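Colleague: The sequence shown runs 410 to 508 under the numbering used here.
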Amino acid sequence: MNHVTIIGDNLRELRKIHGYSQQEAADLIGVGRSCYGAYEECRAAPPIHVLISICDVYKITDLYGLVTQRLTDNIRERAETDNKSIMAIRRIKKIVENL
């Protein structure tokens, strides 16, 4: 498995765990949707500044691991926990807005 495939697989999994559409993920990372889609579909490798942005958005501290290995259970669990917190905050925000 090459690095482009690993990055694409990891991006797709992280995006789905966080509940983002490709457009939302692209906006957060600072690239266009078609460019993001090319990364996720393994048609292009993101440049280093985009990889750093991906790490910032998804709170990944191991850039080397992001590009060389599939996500570990620890990273996956942390991402799922973060997503649950975000969803709870969104629900609370909606409740407050409806008061």
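Don't be surprised by glycine CBs; every beta carbon is placed ideally from N, CA and C.
All values derive from a computational prediction rather than experimental measurement.
I need the straight-line Cα distance from N507 to A497, nearest angstrom please.
Modeller: Going from the Cα of N507 to the Cα of A497 covers about 16 Å.
Colleague: For C444, I'd like the list of residues in its chain whose CB is within less than 8 Å of its CB, leaving aside the five on either flank, ordered along the chain.
Modeller: A435 and A453, listed in sequence order.
Colleague: Return helix, strand or coil for Y429, following the three-state DSSP convention.
Modeller: Coil at Y429, not helix or strand.
Colleague: Do E449 and G417 have their C-beta atoms within less than 8 Å of each other?
Modeller: Against a cut-off of 8 Å, the Cβ pair of G417 and E449 comes out as a contact.
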